[in-house]
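Structure first, then comments.
Residue numbers (the numbering used here), protein chains in the order written: chain A, 37 to 215; chain B, 791 to 1085.
Written out as structure tokens, the structure reads:
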């Protein structure tokens, strides 16, 4: 079954999404990979508030991605932006999505120990390696945070249009396509 | 500097620059054809959905001249240097310069992080990187250079096993099967495996990486090694890991094994895992600087 989801979204809209379904996303997403996860974890432990820009990401989607970015005429442009291996974030992801109040993860390879039921989170798989076509679906770089981590590790705030096909690989009931 | 050497260095510089771009933006024909065929054969809907995007990405990356995958990897340089090819000043300097330029121009993602300070040079060069491996070819006056961008997701699954000689040969296909099963979708399957059998610890890993330079479908010239390649490939395709670990008929595109004599006490098995987006480019010139091929 095919679904169109506009972000930010309500948790209720994610309930009908079952493993194997195809999803296309529209609206705001953010990227975060290894170092951004580590930094957010530090903020959680130190009970520090995140930069203001993070206030707007509630109920959007978190994309495990370290993109190639080019600055053209003072504006950032996404050149290639496929997913990175999500499993590297296994140990901290539950705390992070709870802290950010995010219910959609995008990545590749799936995650272990994800608390889908209690945190009401789904995991969407985007085919790895397909970074070139992804750049066409990312319409705008809205903002960037933590560039000191390096451009591929920074948190990019993006606006996407018909971002997909994303495959529901872990659904809110805890069903998974990964064996 | 000798004018002839200078001309050769310029020629190599230009061809390396072109080959890096080719490698990251264009999928080799053998892989493209494999996926075109797979798309016709795969009947599962999740696989088909992914295959459509994969084929579209191959075509769009080439057309738009942008990296197919954002992980442009660590650029592995593999040089087959004829012993009669003129001595040039420095492969390291030529390659570093071109890689640094390509990082800005194409652009590439910078994958060069200092392991102690965690600082990314943002240039893709520094501290013995990018890796350059040189093999001297006897009775040859040519130079052949391969560029293999190696992404992190697949490389993270790579492993060295030091098995017992008493049952290493029987055990290693099973151990590799377990490794691939455990990895699931992480290395971007369907994967290609390079295996270095024998040698010592470092040599088996070098051979495993070298094995990836062989085009898919091309078997080792030794019959017994070729049979092992097929046996392992077929056993991996029983796993039903499929594209990106979401299930399907094909888990492994091909297995390439290179062999070396081992120590009586050791049975090293080097395994290098490569993602489906197996990007590679190469060229060969003679000592006059004339192009023999580029691909």
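Each residue gets a CB set at the ideal place from its N, CA and C atoms; glycine is no exception. It should be emphasised that the depicted structure is a prediction, and the values quoted were computed from it without experimental measurement.
Residues that DSSP places opposite residue 939/B in a beta bridge: Walking along the second chain from the start, residue 939/B turns up at place 149. Residue pairing of residue 939/B in beta bridges, as defined by DSSP: 865/B.
C-beta atoms of residue 998/B and residue 1061/B nearer than 8 Å: For the purposes of this step, residue 998/B is taken as the residue at position 208 of the second chain. For the purposes of this step, residue 1061/B is taken as the residue at position 271 of the second chain. Residue 998/B is a Cβ neighbour of residue 1061/B, given a cutoff of 8 Å.
Does residue 1038/B have its Cβ less than 8 Å from a Cβ in chain A? Taking the second chain and counting its residues from 1, the one referred to as residue 1038/B is at position 248. No, because no Cβ of chain A sits closer than 8 Å to the Cβ of residue 1038/B.
Outcome for residue 198/A when other beta-carbon atoms lying within 10 angstroms are tallied against a minimum of 16: The residue you call residue 198/A lines up with position 162 of the first chain. Under a 10 Å Cβ-count criterion, residue 198/A is classified as exposed, with fewer than 16 other Cβ atoms of the shown protein chains found around its own Cβ.
Residue 1012/B at chain A interface by Cβ criterion, 8 Å: Position 222 of the second chain, counting from 1, holds the residue named residue 1012/B. Taking 8 Å as the threshold, the shortest C-beta distance from residue 1012/B to chain A does not fall below it.
Closest to residue 967/B by C-alpha separation, out of 1013/B, 985/B, 918/B, would be which residue? Position 177 of the second chain holds residue 967/B. Checked all of 1013/B, 985/B, 918/B; the closest Cα to residue 967/B is 985/B.
I'd like to know whether the C-beta of residue 823/B is nearer than 8 Å to at least one C-beta of chain A. Residue 823/B sits at position 33 when you count from the first residue of the second chain. With 8 Å as the cut-off, residue 823/B does not count as an interface residue toward chain A.
Hey, does residue 175/A have any beta-carbon neighbour from chain B nearer than 8 Å? Position 139 of the first chain, counted from the first residue, corresponds to residue 175/A. Not an interface residue.
Which residues in chain A sit within 7 Å of residue 840/B, going by Cβ to Cβ distance? Looking up residue 840/B in the second chain gives position 50. Within chain A, the residues near residue 840/B are 163.
Given that a residue counts as buried once 16 or more other Cβ atoms are within 10 Å of its Cβ, and exposed if not, what is residue 152/A? What you label residue 152/A is simply residue 116 of the first chain in a count that begins at 1. If you draw a 10 Å sphere on the C-beta of residue 152/A, you find 16 or more other C-beta atoms in it, and that means buried.
Touching or not, the region 800-811 of chain B and the region 888-900 of chain B, by the rule of three or more beta carbon pairs under 8 Å? Touching, yes.
Report buried or exposed for residue 1008/B, applying the criterion of at least 16 other Cβ atoms within 10 angstroms of its Cβ. Here residue 1008/B is taken as the residue at index 218 of the second chain, counted from 1. So residue 1008/B ends up on the exposed side.
Tell me which residue opens and which closes the beta strand (DSSP E) that residue 184/A is part of. What you label residue 184/A is simply residue 148 of the first chain in a count that begins at 1. It is not in any beta strand (DSSP E) - residue 184/A carries neither H nor E in the DSSP assignment.
Counted within 10 angstroms of its Cβ, other Cβ atoms place residue 995/B as buried (16 or more) or exposed: What you label residue 995/B is simply residue 205 of the second chain in a count that begins at 1. By the 10 Å Cβ count, residue 995/B comes out buried.
By how many angstroms is the C-alpha of residue 898/B removed from the C-alpha of residue 892/B? Against the second chain, residue 892/B aligns to sequence position 102. Against the second chain, residue 898/B aligns to sequence position 108. For residue 892/B and residue 898/B, the distance between alpha carbons rounds to 7 Å.
How would you list, in chain order, the residues of chain B whose beta-carbon sits under 7 Å from the beta-carbon of residue 214/A? For the purposes of this step, residue 214/A is taken as the residue at position 178 of the first chain. Ordered by position in chain B, the residues that pass the 7 Å Cβ test against residue 214/A are 974, 975, 1035.
Whether residue 864/B touches residue 921/B by CB criterion (8 Å): By one-based count along the second chain, residue 864/B stands at place 74. By one-based count along the second chain, residue 921/B stands at place 131. Cβ atoms of residue 864/B and residue 921/B: closer than 8 Å.
Minimum C-alpha distance to residue 44/A - residue among 140/A, 79/A, 166/A, 120/A: Against the first chain, residue 44/A aligns to sequence position 8. Distance from the Cα of residue 44/A is smallest, within the candidate group 140/A, 79/A, 166/A, 120/A, for 140/A.
Compare the C-alpha of residue 1037/B against each of 47/A, 55/A, 50/A and name the closest. Start at 1 with the first residue of the second chain, and residue 1037/B comes out as number 247. Looking at the Cα atoms, 55/A is the closest of the given residues.
Integer Cβ distance of residue 845/B from residue 825/B, believed to fall under 8 Å: Taking the first residue of the second chain as position 1, residue 845/B is located at position 55. Taking the first residue of the second chain as position 1, residue 825/B is located at position 35. Rounded, the Cβ-Cβ distance is 6 Å, consistent with contact.
Quick one: grab the DSSP three-state call for residue 1084/B. Counting from one through the second chain, the residue named residue 1084/B turns up at place 294. Three-state DSSP puts residue 1084/B in a strand.
Considering only residues of the same chain and omitting the five flanking positions on each side of residue 941/B, which have a CB-CB separation below 6 Å? Within the second chain, residue 941/B is the residue found at index 151, counting from 1. So the qualifying residues of the chain are 861, 863, 1065.
Span of the alpha helix (DSSP H) around residue 954/B: As a first step, residue 954/B is located in the second chain; it is residue number 164 there, counting from the start. Under the DSSP assignment, residue 954/B falls outside any alpha helix (DSSP H); it carries neither an H nor an E label.
For residue 103/A and chain B, any beta-carbon pair shorter than 8 Å? By 1-based counting over the first chain, the position of residue 103/A is 67. At a cut-off of 8 Å between beta carbons, residue 103/A contacts chain B.
Examine the Cβ distances between the region 953-967 of chain B and the region 1013-1028 of chain B and report whether three or more of them are shorter than 8 Å. Contact between the region 953-967 of chain B and the region 1013-1028 of chain B is present, because at least three Cβ pairs lie under 8 Å.
Would you list, in chain order, the members of the region 137-150 of chain A that have their beta-carbon closer than 8 Å to a beta-carbon of chain B? Within the region 137-150 of chain A, those residues whose Cβ lies closer than 8 Å to any Cβ of chain B are, in chain order, 144, 145, 146.
Using 10 angstroms around the beta-carbon of residue 793/B, count the other beta-carbons present and answer buried if the total reaches 16, otherwise exposed. In the second chain, counting from the first residue as 1, residue 793/B sits at position 3. Exposed, because fewer than 16 other Cβ atoms sit within 10 Å of the Cβ of residue 793/B.
Over the uninterrupted alpha helix (DSSP H) stretch that includes residue 1000/B, give me the two end residues. One-based indexing of the second chain puts residue 1000/B at position 210. Looking at the DSSP string, the run of the alpha helix (DSSP H) that includes residue 1000/B is 991-1001.
Are the CB atoms of residue 79/A and residue 177/A within a distance shorter than 8 Å? Within the first chain, the letter at position 141 stands for residue 177/A. Within the first chain, the letter at position 43 stands for residue 79/A. For residue 177/A and residue 79/A, no; Cβs fall outside 8 Å.
Helix, strand or coil for residue 198/A, going by three-state DSSP, please let me know. The count along the first chain starts at 1 and reaches residue 198/A at position 162. Three-state DSSP puts residue 198/A in a strand.
Cβ of residue 106/A less than 8 Å from any chain B Cβ? As a first step, residue 106/A is located in the first chain; it is residue number 70 there, counting from the start. Yes, contact with chain B.
In the DSSP output, what is residue 38/A paired with across the bridge? The residue labelled residue 38/A in the question sits at position 2 within the first chain. 58/A, per the DSSP bridge assignment.
Spatial neighbours of residue 170/A in its chain, beta-carbon cut-off 6 Å, leaving aside the 5 residues before and after: What you label residue 170/A is simply residue 134 of the first chain in a count that begins at 1. Answer for residue 170/A: 117, 118, listed in chain order.
What does a CB cutoff of less than 8 Å around residue 797/B pick up in its chain, not counting 5 residues either side in sequence? By 1-based counting over the second chain, the position of residue 797/B is 7. 1079.
Would you give the residue range spanned by the beta strand (DSSP E) that residue 97/A belongs to? Taking the first residue of the first chain as position 1, residue 97/A is located at position 61. In the DSSP annotation of this structure, the continuous segment of the beta strand (DSSP E) that includes residue 97/A starts and ends at 97-99.
Beta carbon of residue 192/A, beta carbon of residue 108/A: below 8 Å? Numbered from its first residue, the first chain carries residue 192/A at position 156. Numbered from its first residue, the first chain carries residue 108/A at position 72. No, these two residues do not count as a Cβ contact at 8 Å.
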